[in-house]
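Asker: Chains B and P are the protein sequences, given in the same order. Those letters in the first sequence? Residues 1 to 216, by this note's numbering. Those letters in the second sequence? Residues 1001 to 1369, by this note's numbering. If you scroll down you'll find the structure; I have some questions about it.
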Amino acid sequence: MDTATPAVTVALHDGASVIASSGQVDARRHGELLLPAVDRVLAEAGVKLDAVTGVVVGVGPGPYTGLRVGLVTAATFGSALAVPVHGICTLDGLAYAAGQEGGLEGPFAVATDARRKEVYWARYEDARTRTGDPAVDRPADIAEALAGLPVVGQGAVLYPEAFPDARGPEHVAAGALAGLAAERLAAGQELLEPQPLYLRRPDAQVPKNYKVVTPK
Amino acid sequence: MAADEPLVLGIETSCDETGVGIVRGTTLLADAVASSVDTHARFGGVVPEIASRAHLEAMVPTIERALKEAGVSARDLDGIAVTSGPGLAGALLVGVSAAKAYAYALDKPLYGVNHLASHICVDQLEHGPLPEPTMALLVSGGHSSLLLAPDITSDVRPLGATIDDAAGEAFDKIARVLNLGFPGGPVIDRFAKEGDPKSIAFPRGLTGPRDAPYDFSFSGLKTSVARWIEAKRAAGEEVPVRDVAASFQEAVVDVLTRKAVRACKDEGVDHLMIGGGVAANSRLRALAQERCERAGIRLRVPRPKLCTDNGAMVAALGAEMVARNRRPSDLELSADSSLPVTEPHVPGKHQHAHDHDHVHEISKDNLYS
Ligand SMILES: [Zn+2]
């Protein structure tokens, strides 16, 4: 599952292929949509959650509130079912999907919407190989560095001036995330801890009702 | 404790405490809390994003700690309860998401419950079943209200509330003016013990004959105390911190207890429940005791650890929901930062959704087998 972007996406994967999946785009309703999506996907496959032997979750980077929905749901499933929980960088899932569906070979970049007129992004040598850590930047500030490269994801679509060669898919799909995880696990590779990639420090803003009222 | 009483796990993440409690009926089995309060201290208030991040980190370990403490298996639970509001939206969302996942994974009913009703219901763990109706004074950093609850699971009526700041906010603010740090409640309480509560006459808000009898206002008091301190400093005099703390605290608890006792008398209720973080204040507890005794009212205040935010209070209300057969919440349950106090829980909207899925599932099986 992944909730790091406006997409709320869930898939059931048997190690070889996707059995059932769900993808909805609604940046404000991750909390409401995720569990019903899990339920729908399992029902479609005709299995119960306790048949699952592992959970893979997108760790972002992503705007915080939605990102946490997927992470806490995955961690809780892991605890309740006593199964391992693996993290995958959400941008890696998009890159993998671009290779699978779009036949994109590389090099290319992936960019998702980070709001506040910024994008989360990373560079890829090919659909399975990221070069460098994900970062958060203003599109204009990285346009030159990525000039000539296809850029995958909604972050590219939103800023056509900075990223003229935007490619699909626009949103991450949990099926791709699970496929990538299955490949890596089969190859004996380590996956990430299911910890959030925020890439920004918290706004240390105390809400208004705590405002200072002392006369200056 | 009867074995047939509901065994419920409760999750609370409305502010800066990640709380997980487990109760059987009205018996407390576990109360695990992880607090991020120290991280917020340097900002002088709770920073929502910091609180949400801390909830995510602490959530599963706190659930596991509570189960261990209670010595029960998650499989034996009769329900999962969670604060679905009111509170900080991003913080609530972590707890609500965890509760939904836990309930779904274990195939247990889910109850999204009201934080304020939970603060009242927690007293069942201390003093046994709540009388009906219950008169409750709820005082915390976020709320100051007088509530009348004929049935804590379905009928909670607001009699009055603060029209500006919550009582706990006033404590935080004055502690800040006195350079005593955050949170202000415990430190003001400590300093006030060595001060004279009568030394400075601070105003009692909304206590005039024409004022709303059950509403509160602490904004004027706050400003008045801050001005008094500023004036001392401007005159180059030392601020008598203990006397200020004691006099300020006296003004707050005087109004709170006076109005609560009056509400009991007016409504013919012979006992008073006090809950919320400010109910841990020693002077509030003492003055309430004194005034209730004089008025022939029985006072019920839980031990301080159950007054501040915790998961046990959520579990206590959840257990009551199970015991009274209230309709569980559904998987679409939202975190509602402004859930009204008149909604003690959030029953599911789609009563037939589950049946429908079930039919769908069976027909699919038939298709492929
Ligand atoms: Zn509270």
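For each residue, glycine too, the CB sits at the ideal point set by N, CA and C. Since we're looking at a predicted model, the values are computed, not measured.
Below 7 Å, is the gap between the Cβ of ASP133(B) and the nearest heavy atom of ligand 1?
Answerer: Answer for ASP133(B): no, Cβ out of range of ligand 1.
Asker: Ligand 1 heavy atoms versus the CB of HIS1040(P): any closer than 7 Å?
Answerer: No, the Cβ of HIS1040(P) stays beyond 7 Å of every heavy atom of ligand 1.
Asker: Note down, in chain order, every chain B residue with its Cβ under 7 Å from the Cβ of ALA1098(P).
Answerer: Those within 7 Å of ALA1098(P) in chain B are VAL72, THR76.
Asker: In this structure, does DSSP put SER1334(P) in helix, strand or coil?
Answerer: Coil at SER1334(P), not helix or strand.
Asker: Note down, in chain order, all residues in the stretch 1310 to 1332 of chain P with a beta-carbon under 8 Å from any beta-carbon belonging to chain B.
Answerer: Cβ contacts with chain B: LEU1331, GLU1332.
Asker: In or out: ASN1310(P) buried (at least 16 other Cβ within 10 Å) or exposed?
Answerer: Its Cβ being crowded by 16 or more others within 10 Å, ASN1310(P) is buried.
Asker: For chain P, is any of its Cβ atoms less than 8 Å away from the one on TYR124(B)?
Answerer: False, the Cβ-Cβ gap to chain P never drops below 8 Å.
Asker: Which bits of chain P does THR65(B) rub up against, with CB to CB less than 8 Å?
Answerer: Chain P residues near THR65(B): SER1052, ALA1089, GLY1090, LEU1093.
Asker: Consider the Cβ of PHE1218(P): report whether some Cβ of chain B lies at a distance smaller than 8 Å.
Answerer: Cβ-Cβ to chain B under 8 Å: no for PHE1218(P).
Asker: Can you find a CB in chain B that lies within less than 8 Å of the CB of SER1145(P)?
Answerer: No - not a single Cβ of chain B is within 8 Å of the one on SER1145(P).
Asker: For a test of your reading of the model: does the CB of ASP1309(P) fall under 7 Å from any non-hydrogen atom of ligand 2? Yes or no.
Answerer: As presented, the structure is devoid of ligand 2, carrying ligand 1 as its sole ligands.
Asker: If you measure beta-carbon to beta-carbon, which residues of the stretch 76 to 96 of chain B are closer than 8 Å to chain P?
Answerer: Listed in sequence order: THR76, PHE77, GLY78, SER79, ALA80, LEU81.
Asker: Between the Cα of GLY1112(P) and the Cα atoms of THR1342(P), PRO1328(P), ALA1041(P), which residue gives the shortest distance?
Answerer: Ranking the options by Cα distance to GLY1112(P), first place goes to PRO1328(P).
Asker: What does DSSP give as the partner residue(s) for TRP121(B) in the beta ladder?
Answerer: Answer is ALA111(B), ALA135(B), bridged to TRP121(B).
Asker: Between the Cα of ALA1371(P) and those of ARG1190(P), THR1039(P), ILE1063(P), spot the shortest distance and give me the residue it belongs to.
Answerer: Residue 1371(P) cannot be examined here, being either before or after the span of chain P that is shown, 1001 to 1369.
Asker: Please determine if the stretch 146 to 154 of chain B and the stretch 187 to 195 of chain B are in contact, where contact requires at least 3 C-beta pairs separated by less than 8 Å.
Answerer: The stretch 146 to 154 of chain B, when compared against the stretch 187 to 195 of chain B, does not touch it at the 8 Å Cβ threshold.
Asker: Can you determine whether any heavy atom of ligand 1 sits closer than 7 Å to the C-beta of GLY942(P), and answer yes or no?
Answerer: Because chain P is modelled from 1001 through 1369, residue 942(P) falls outside the range shown and cannot be assessed.
Asker: Decide if ASN1325(P) is buried, meaning its Cβ has at least 16 other Cβ atoms within 10 Å, or exposed.
Answerer: Flag for ASN1325(P) reads exposed.
Asker: By the 10 Å Cβ neighbour count, where 16 or more other Cβ atoms means buried, how is PRO164(B) classified, buried or exposed?
Answerer: Classification of PRO164(B): exposed, given that the 10 Å Cβ count is below 16.
Asker: Near ASP203(B), which residues of its chain fall below 8 Å by C-beta distance, leaving aside the five closest residues on each side in sequence?
Answerer: The answer is none, since no qualifying residue turns up.
Asker: Would you say GLY1045(P) touches ligand 1, meaning its beta carbon is less than 7 Å from a heavy atom?
Answerer: No - ligand 1 has no heavy atom lying nearer than 7 Å to the Cβ of GLY1045(P).
Asker: What are the start and end residues of the alpha helix (DSSP H) that includes TYR1102(P)?
Answerer: Segment 1089 to 1106, the alpha helix (DSSP H) holding TYR1102(P).
Asker: For chain B, check one thing: does any of its Cβ atoms lie closer than 8 Å to the Cβ of PHE1171(P)?
Answerer: Answer no: the Cβ-Cβ gap between PHE1171(P) and chain B never drops below 8 Å.
Asker: Is DSSP giving ASP39(B) helix, strand or coil here?
Answerer: Of the three classes helix, strand and coil, the one that applies to ASP39(B) here is helix, per DSSP.
Asker: Taking a contact to mean a Cβ-Cβ separation below 8 Å, would you say ALA97(B) touches ALA176(B) in this structure?
Answerer: Cβ atoms of ALA97(B) and ALA176(B): closer than 8 Å.
Asker: Is THR129(B) buried or exposed, if buried means 16 or more other CB atoms sit within 10 Å of its CB?
Answerer: THR129(B) is exposed by the Cβ-count criterion.
Asker: Cα-Cα, which of SER79(B), VAL69(B), GLY60(B), ASP50(B) is closest to THR1062(P)?
Answerer: Of SER79(B), VAL69(B), GLY60(B), ASP50(B), the residue nearest in Cα terms is SER79(B).
Asker: The alpha helix (DSSP H) that contains GLY1318(P), what's its start and end?
Answerer: Looking at the DSSP string, the run of the alpha helix (DSSP H) that includes GLY1318(P) is 1311 to 1323.
Asker: Please name the residue, chosen from GLY58(B), ILE19(B), ALA174(B), VAL25(B), that lies closest to LEU42(B) on a Cα-to-Cα basis.
Answerer: Among GLY58(B), ILE19(B), ALA174(B), VAL25(B), the Cα nearest to that of LEU42(B) is on ILE19(B).
Asker: I want to see whether chain P comes within less than 8 Å of GLU32(B), judged by CB atoms only; does it?
Answerer: So, interface residue.
Asker: Over what stretch of residues does the alpha helix (DSSP H) that includes THR1039(P) continue unbroken?
Answerer: Here the alpha helix (DSSP H) through THR1039(P) covers 1037 to 1041.
Asker: Quick one: residues in its chain with C-beta nearer than 7 Å to the C-beta of ALA1166(P), no 5 flanking neighbours on either side, listed in chain order?
Answerer: Correct list, in chain order: SER1140, GLY1141, GLY1142, HIS1143, SER1144.
Asker: Skipping 5 residues on each side, what residues in its chain have a beta carbon closer than 8 Å to that of ASP1355(P)?
Answerer: Since pLDDT at ASP1355(P) reaches only 41, below the 50 mark, its modelled position is unreliable, and no value is offered.
Asker: Would you say LEU204(B) reaches chain P, if we count a Cβ-Cβ gap shorter than 8 Å as a contact?
Answerer: What sits at residue 204(B) in the sequence shown is Ala, not Leu. By this cut-off, ALA204(B) is an interface position.
Asker: Find the residues of chain P that neighbour VAL59(B), judging by a C-beta separation of less than 7 Å, and give them in chain order.
Answerer: Per Cβ cutoff of 7 Å: no residues; VAL59(B) is ~11 Å from chain P at best.
Asker: Between the beta-carbon of VAL151(B) and the beta-carbon of ALA111(B), is there less than 8 Å?
Answerer: Yes; because the gap between Cβ atoms is below 8 Å, this pair is in contact.
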